[in-house]
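In terms of numbering that gives the first Met the number 0, the sequence shown opens at residue 0 and continues consecutively. Heads up, the beta-carbon is just placed ideally off N, CA and C, and yes, glycines get one too. Quick caveat, the model's predicted, so the values are computed rather than measured.
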Amino acid sequence: MQIASRYCGPPQSGNGGYTCGLLAEASGEHGAVEVTLKAPPPLDCELQLRSESGVTSLWDGEQLIAEARAATLPPPSIEVPSLSAARAAVSHYGGREQHLYPSCFTCGPHRAPGDGLCLFTGTVADGVVAAPWCPSAEDAANLPVLWAAIDCAGYWACAGATQESMLLGRMTAVFDRRPQAGQALIVVGRSMGREGRKVFAQTALFTEDGHCLGHSLQTWISLQRSNS
């Protein structure tokens, strides 16, 4: 298994959501899957899958990269903004001018449409961000890409304009239904508080009429020293 450089988050490592989705798919689980990232996922190199006692793990030689296991996930508690509100929110995207990882597959402003997802989630309410998404046929059928699509909204809901340096530590997600190619969708992220360096978020992918296709709970790890 390889993570192609196209699917980067930081320039030299895999997008967290994409990597989690890749391992979730490899686990063979059909419900919610919890994926914990243990080390930055390397790009363009052969990685090894191992499975033992209900845990599917991803390795780079002797370095453990991530672990996946079956999980339970409550329904999302996010109010769905209208599609027009999500479209308007794009103009409030906090990473357009300055971005820690401008080549990020999900939210990087240096990625061209069709190469990156260009999901520029902007504020629609306090601690809530949203953006529209119209997936291609290839993306709609690709589970790791769907996980990537609901990845960075969690970061932007928590970090906002401060762009606090954080990396995805854990993502638990499920997709009950795949989107259709060309379907008008809404990506939403909501801040869920923090405990020290652990920052919590909830994200979801909705249809225009408010049906939830997939959702996640996330734990982000702040790289800044906590005062608490």
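Does the beta-carbon distance from residue i to residue j come in below 8 Å?
{"i": "Ala31", "j": "Ala172", "result": "yes"}
{"i": "Val187", "j": "Pro80", "result": "yes"}
{"i": "Pro75", "j": "Gln179", "result": "no"}
{"i": "Val56", "j": "Ala65", "result": "Checking the displayed sequence, the identity of residue 56 turns out to be Ser instead of Val. Yes; because the gap between Cβ atoms is below 8 Å, this pair is in contact."}
{"i": "Ala148", "j": "Thr206", "result": "no"}
{"i": "Glu163", "j": "Ser90", "result": "no"}
{"i": "Val128", "j": "Ala183", "result": "no"}
{"i": "Thr120", "j": "Ala130", "result": "yes"}
Say the cut is 7 Å; is the CB of residue i nearer than that to a heavy atom of the ligand ZN?
{"i": "Asp208", "result": "Ligands are entirely absent from the displayed structure, and the ligand ZN is therefore not among its contents."}
Going along the chain, which residues of its own chain have a beta-carbon closer than 6 Å to the beta-carbon of residue i, five neighbours each way excluded?
{"i": "Ser227", "result": "In this predicted model, Ser227 has a pLDDT of only 45, less than 50, meaning its place in the structure is not dependable; the value taken from the coordinates is given anyway. If we look at Ser227 and ignore the five residues flanking it on each side, its Cβ neighbours are Gly195."}
{"i": "Gly192", "result": "Phe199"}
{"i": "His214", "result": "Pro75 and Ala203"}
Which word fits residue i, buried or exposed, when buried means at least 16 other C-beta atoms lie within 10 angstroms of its C-beta?
{"i": "Ala156", "result": "buried"}
{"i": "Val144", "result": "buried"}
{"i": "Ser50", "result": "exposed"}
{"i": "Pro134", "result": "buried"}
Opposite residue i in the DSSP bridges: which residues?
{"i": "Cys7", "result": "Gly13"}
{"i": "His214", "result": "Val173 and Ala203"}
{"i": "Val186", "result": "Ala130 and Leu204"}
{"i": "Arg196", "result": "Looking at the DSSP assignment, Arg196 forms no beta bridge with any residue, so it has no partner."}
Leaving out five residues on either side along the sequence, give the residues of the same chain with a beta carbon under 7 Å from the beta carbon of residue i.
{"i": "Cys117", "result": "Arg110"}
{"i": "Gln223", "result": "Glu163 and Ser164"}
Quick one: what's got a C-beta closer than 8 Å to residue i's C-beta in the same chain, skipping five residues either side?
{"i": "Met0", "result": "Leu21, Ala25, Glu45, Leu46, Gln47, Leu48 and Leu57"}
Task: Length at least 3, wholly inside the segment 91 to 169: the beta strand (DSSP E) runs in chain order - done: 121 to 124 and 127 to 132
Task: beta strand (DSSP E) runs contained entirely in the segment 24 to 93, provided each spans 3 or more residues - done: 32 to 36, 47 to 51, 54 to 59 and 62 to 69
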